[in-house]
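The structure appears below as structure tokens.
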Amino acid sequence: MTTSDSPRATANSPAESAGAGILQRTFAVIRALGDAKPEGERVTHIAKAVGLSQATVHRILHALIAEQVVEQDESSKLYRLSIDFFAMAAQAGNPSGMRTLCRPSLLRLCASLGDTIFLLVRSSFDAVCLDMCEGPFPIRSFTGDIGGRVALGVGQGSLAILAFLPEAEREEIIRFNVPRLRGYGVLDEVYLRTEIERVRQLGYAGSNSGVLDGMAGVAVPVFDRMGHAVAALSVGTLAARLSQDRLPMVVELLRRQAELIGPQTNPFDVAMRRPMHGLTRALTTEPLA
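Counting from 1, one number per residue, gives the positions in the sequence shown under UniProt numbering.
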């Protein structure tokens, strides 16, 4: 049989068109599950959402279960996206995306303010410095250089993240971190809770904690498109440079950049789940400067 006699389906063949239709229906079901409640959804609701028959949706769901993309709760019989699905999505994330995304903002802020700018992201009970842009003034910071970490609640950047985490999560971190904070001198649970409430009211953390003599800072949280605090932009400078007259201007500049970054963040970026892993891979592919 020659090539021209081959029975393979062409781009416009009925077989290929049918395959594309199945793929479209499958992704419609996946998207519907992505919009569903965390506990999952019933076949009837999914079918209504995607405009397919219950029988068709049932077949698609069980095909997805076989591929470990969807799971069904044994007691409620509700369907939801599986952990394996989110693991695959996470593996597809750009490991240096957060650092690459924020780098222009750090450069703009450093040039505008003439101070050192830090990008911090959460790592379990800590905050990690994912990137920084050094200003001309010699300063000391809790995280030190890129890759440094500090307990959440210590320093303006980590406090800005902690203050805007969900309440239950925040409480667990406070309980775990309070014994760790005692090594920083003036910090205790009363102080920490007072500062968290202050940050939540003001929308930023700052300016002079008194823990690092002569140093001051201010930080704002970076919220993703779902409103979750995923990072913080922080200014570290000499206490004399962060007067009450200058503070509102610094906060406003930080907020503008945080609002630019937030909607562009990738929720599956490894840098926001495993900062040190994302940082290591980022630094092997791009210069620090």
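No residue lacks a Cβ here, since even glycine has one placed at the ideal position from N, Cα and C.
Quick caveat, the model's predicted, so the values are computed rather than measured.
query                                                                                               : result
Residues near Gly-114 in its chain [Cβ-Cβ closer than 7 Å; skip 5 each side]                        : Gly-135, Pro-136
For Arg-198, the first and last residue of its enclosing beta strand (DSSP E)                       : Not the beta strand (DSSP E): Arg-198 falls in the alpha helix (DSSP H), residues 189 to 202.
Beta-carbon spacing of Ile-30, Val-57 below 9 Å                                                     : no
Delimiting residues of the alpha helix (DSSP H) encompassing Leu-159                                : 156 to 163
Burial state of Pro-263, where buried means 16 or more other Cβ atoms lie within 10 Å               : exposed
Three-state class that DSSP yields for Asp-84 in the structure shown                                : helix
Whole-angstrom distance between Val-128 and Gly-236, CA atom to CA atom                             : 15 Å
Ala-55 versus Ile-83: straight-line alpha-carbon distance, rounded                                  : 25 Å
CA nearest to the CA of Asn-120, picked from Thr-26, Ile-161, Ala-111, Ser-105                      : Residue identity check: residue 120 is Leu in the sequence provided, not Asn. Nearest of Thr-26, Ile-161, Ala-111, Ser-105 to Leu-120, Cα basis: Ile-161.
Bridge-paired residues (DSSP) for Gln-72                                                            : Tyr-79
Sub-9 Å separation of Phe-118 and Ala-151 beta-carbons                                              : no
Gly-206 vs Leu-247 beta-carbon contact at 9 Å                                                       : yes
Close Cβ partners of Ala-28 (< 7 Å) along its chain, the five nearest in sequence each way excluded : Val-50
Separation of Phe-176 from Cys-133, as counted between CA atoms                                     : 31 Å
Which of helix, strand or coil DSSP assigns to Gly-40                                               : coil
Start and end residues, alpha helix (DSSP H) containing Ser-112                                     : 97 to 113
Span separating the alpha-carbon of Leu-181 from that of Asp-188                                    : 6 Å
N-terminal and C-terminal residue of the beta strand (DSSP E) that Arg-149 is part of               : 149 to 151
Buried/exposed call for Ser-105, threshold 16 Cβ in 10 Å                                            : buried
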